[in-house]
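J.:
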Amino acid sequence: MIDQEVVVHLVSEGIYLGIKFLSWTQGPFDGPGGGGFSYERTTMPEPGAVGVVAGTLLLVGGAGARSFLRSKR
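Take the sequence shown: its letters are residues 12 to 84, numbered as in this note's numbering.
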């Protein structure tokens, strides 16, 4: 999962998080101590409105930010 971005949806809070693990180390099998990891996290706003215009999915964020997703036919 290193260098792959995943999205986590916290349903009860209505929050979407983008998480990308950058590194992972494992601790020893035979003793105390542990490994570690590093990651990047971004918060993705929920869209304020969703619609389809001429075959394009339009997502409008609460602050007026827009994203366009087009499917291939």
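All C-beta atoms in this analysis are idealised placements derived from N, C-alpha and C, irrespective of residue type, glycine included.
Please read all numbers here as calculations on a predicted model, not as lab measurements.
Please confirm whether V19 and L28 have their CB atoms less than 8 Å apart.
T.: Cβ distance < 8 Å, so V19 and L28 count as in contact.
J.: Tell me the residue span of the beta strand (DSSP E) that contains G29.
T.: I26 to T36
J.: Give the C-beta separation of I26 and V17 to the nearest angstrom, bearing in mind that I take them to be a contact with Cβ-Cβ under 8 Å.
T.: 14 Å between Cβ atoms; not a contact.
J.: So with Cβ pairs under 8 Å, would you call T54 a contact of chain B?
T.: Of the protein chains in this structure there is only one, and it is not chain B.
J.: Per DSSP, G47 forms a beta bridge with which residues?
T.: T36
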